[in-house]
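Asks: Numbered according to the UniProt record's numbering, the sequence shown spans residues 2 to 345.
Using N, Cα and C, we set each Cβ at its ideal position, and we do this for glycine too.
Fair warning: this is a prediction, and the values are worked out from it, not measured in the lab.
One structure coming up, written as structure tokens, with questions to follow.
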Amino acid sequence: PSRSQLPPITPDHMDTLLAGTRMRRNRQTDWSRRLVRENTLTVDDLIWPVFLTDGEKMRQPVASMPDVFRLSVDEAVREAERAAELGIPAMALFPYTDPDLRDETGSEALNANNLTCRALKAIKAEGLNLGLMTDVALDPYTSHGHDGLMDGETILNDETVDRLCRQALVQAQAGADVIAPSDMMDGRVAAIRQSLDAQGFRDTQIMAYSAKYASAFYGPFRDAVGSSGALKGDKRTYQMDPANTDEALRETELDIAEGADMVMVKPGLPYLDIVRRIKDTFQVPTYAYQVSGEYAMIKAAGANGWLDDERAMMESLMAFKRAGADGVLTYFAPKAAAILADAG
Ligand code: PBG
């Protein structure tokens, strides 16, 4: 009988129907759980941030990041090969700069033969199917630990942007595939795009740290690149206030208009609402950075036996996919890739 020939659904009848709804039916078996699964995490979702150091055959442990090392260039080449074998699409490079090379203006950032550029050239020479990303910001190179040029207490916007353009250019010349401005200066994406284009680097991609918050979760990273001891004050005049959401949409809209190919939210897990709003609003490739502090928390709890860190890792990575991220920068990348490979 068609619906119209049946008696109307009474409140009592509705109760009977609802009593028949059993959400657990679909969860009974592994095959059924797989069948109803809404999101998937694959190796293609991973970007691996790697720290660099001078020297040879060096793997310096980062105290606040168990199983993370600062790698000399030769070791970084080996890890790049491993990343490519695992199928990780891209690696992001972060230098620990010798304190003697740091100065007020971060001039080492513009040295075409600095640690990052040497690593880029060495890894590129391997001809791997692996994208290389580089951070554009002055903080690993400045004596004061800030991302920009300073006049007294003030971070100078436009003067900094000029230097960032030159930094991006030396990185592109050394072989960077993706330039990732993490400095949060105004107008830097447009300026970097223009200067790259003018120098013939039209195909170099830009992943903008669009919504980067002034966060306590960067602590272990600053140890890893050696900028924590030096940092005077905080970064709240350029990184975003953790209380804001609409502002993240404005930042992202500007970066897209200025020429960003991909946008990023940082930190990750505490900011999944931002990831979701950006993805829903702009439909552009959107990434999240599971930062050093997030990594350290999971590893520390695991080391204490307070949780299963491998499961917490996989669950957190899936959370990014659920929030709409197209990929995740994560120090867990090689570990997660290996687990995904075993599962497949
Ligand atoms: C540099 C930069 C930072 C991170 C990435 N790029 C630190 C900062 O802004 O102070 C943090 C990454 C992490 O914590 O894993 N501008």
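Since Y290 contacts M263 with CB under 8 angstroms, what's their CB separation in whole angstroms?
Replies: Numbered from its first residue, the sequence shown carries residue 290 at position 289. Numbered from its first residue, the sequence shown carries residue 263 at position 262. Going by Cβ atoms, the distance from Y290 to M263 rounds to 12 angstroms, so no, they are not a contact pair.
Asks: Going by the beta-carbon positions, is the gap between A93 and D136 smaller than 8 angstroms?
Replies: One-based indexing of the sequence shown puts residue 93 at position 92. One-based indexing of the sequence shown puts residue 136 at position 135. Yes, Cβ-Cβ distance for A93 and D136 is below 8 angstroms.
Asks: Classify S228: buried if its beta carbon has 16 or more other beta carbons within 10 angstroms, exposed otherwise.
Replies: What you label residue 228 is simply residue 227 of the sequence shown in a count that begins at 1. Result: buried.
Asks: Between P96 and I48, which are expected to be in contact by the criterion C-beta below 8 angstroms, what is the C-beta distance as a whole number of angstroms?
Replies: Counted from its first residue, the sequence shown places residue 96 at position 95. Counted from its first residue, the sequence shown places residue 48 at position 47. No, P96 and I48 are not in contact; Cβ-Cβ is about 17 angstroms, not under 8 angstroms.
Asks: Touching or not, the segment 314-324 and the segment 34-50, by the rule of three or more beta carbon pairs under 8 angstroms?
Replies: Yes: at least three Cβ pairs fall under 8 angstroms.
Asks: Taking C-alpha atoms, which residue in R189, H14 and E76 lies nearest to S211?
Replies: Along the sequence shown, one-based indexing puts residue 211 at 210. Closest by alpha carbon: R189.
Asks: Return yes when at least one heavy atom of ligand 1 lies under 7 angstroms from the C-beta of F218, else no.
Replies: Numbered from its first residue, the sequence shown carries residue 218 at position 217. For ligand 1, at least one heavy atom lies less than 7 angstroms from the Cβ of F218.
Asks: Just verifying my parser: in three-state terms, what is the DSSP assignment at L102?
Replies: For the purposes of this step, residue 102 is taken as the residue at position 101 of the sequence shown. L102: helix per DSSP, three-state reduction.
Asks: So, for A77: in the same chain, excluding its five sequence neighbours on each side, which residues have a beta-carbon less than 8 angstroms away from its beta-carbon?
Replies: The count along the sequence shown starts at 1 and reaches residue 77 at position 76. Answer for A77: V51, L53, L94, A120, A123 and I124, listed in chain order.
Asks: Considering only heavy atoms of ligand 1, does any lie closer than 7 angstroms to the CB of G294?
Replies: Working through the sequence shown from its first residue, we reach residue 294 at position 293. It does: the Cβ of G294 is within 7 angstroms (strictly closer) of some heavy atom of ligand 1.
Asks: Does the Cβ of A301 lie closer than 7 angstroms to at least one heavy atom of ligand 1?
Replies: Within the sequence shown, numbered from 1, the residue matching residue 301 stands at position 300. No - ligand 1 has no heavy atom lying nearer than 7 angstroms to the Cβ of A301.
Asks: Does the beta-carbon of A334, which I'm using as the reference point, lie nearer than 7 angstroms to any heavy atom of ligand 1?
Replies: Within the sequence shown, the letter at position 333 stands for residue 334. It does not: the Cβ of A334 is nowhere closer than 7 angstroms to a heavy atom of ligand 1.
Asks: For ligand 1, is there any heavy atom lying closer than 7 angstroms to the beta carbon of K122?
Replies: For the purposes of this step, residue 122 is taken as residue 121 along the sequence shown, with counting starting at 1. Flag unset: Cβ of K122 not near ligand 1.
Asks: Do three or more CB pairs link the segment 157-173 to the segment 195-205 at distances below 8 angstroms?
Replies: Touching, yes, given that three or more Cβ pairs across the two stretches are closer than 8 angstroms.
Asks: Just how far apart, CA to CA, sit D101 and S293?
Replies: Position 100 of the sequence shown holds residue 101. Position 292 of the sequence shown holds residue 293. Distance between the alpha carbons of D101 and S293: 25 angstroms.
Asks: Taking the alpha helix (DSSP H) that T253 belongs to, which residues open and close that run?
Replies: On the sequence shown, residue 253 is found 252 positions in, with the first residue counted as 1. That run of the alpha helix (DSSP H) goes D247 to E259.
Asks: Thinking C-alpha only, which one of F222, G234 and R34 is nearest I156?
Replies: On the sequence shown, residue 156 is found 155 positions in, with the first residue counted as 1. Of the listed residues, the one whose Cα sits closest to I156 is G234.
Asks: Assuming contact is defined by CB atoms lying nearer than 8 angstroms, are K236 and D104 in contact in what I supplied?
Replies: Along the sequence shown, one-based indexing puts residue 236 at 235. Along the sequence shown, one-based indexing puts residue 104 at 103. The answer is no: Cβ separation not under 8 angstroms.
Asks: Which ranges does the beta strand (DSSP E) cover as unbroken runs of at least 3 residues, wholly within the segment 169-231, from first to last along the chain?
Replies: The segment 169-231 contains these whole beta strand (DSSP E) runs: 179-182 and 206-213.
Asks: Please classify V63: is it buried, with 16 or more other beta-carbons within 10 angstroms of its beta-carbon, or exposed?
Replies: As a first step, residue 63 is located in the sequence shown; it is residue number 62 there, counting from the start. It counts as buried.
Asks: Measuring only the C-alpha atoms, how far is E311 from L270?
Replies: Counting from 1 along the sequence shown, the entry for residue 311 is found at position 310. Counting from 1 along the sequence shown, the entry for residue 270 is found at position 269. Cα to Cα, the separation comes out at about 16 angstroms.
Asks: Counting only the same chain and skipping the five closest in sequence on each side, list residues whose C-beta sits under 7 angstroms from that of S144.
Replies: Taking the sequence shown and counting its residues from 1, one reaches residue 144 at position 143. Within the same chain, S144 has close Cβ partners R103, D104, E105 and A231.
Asks: Under DSSP, the alpha helix (DSSP H) around G303 begins and ends at which residues?
Replies: Within the sequence shown, the letter at position 302 stands for residue 303. Element bounds for G303: S293 to A304.
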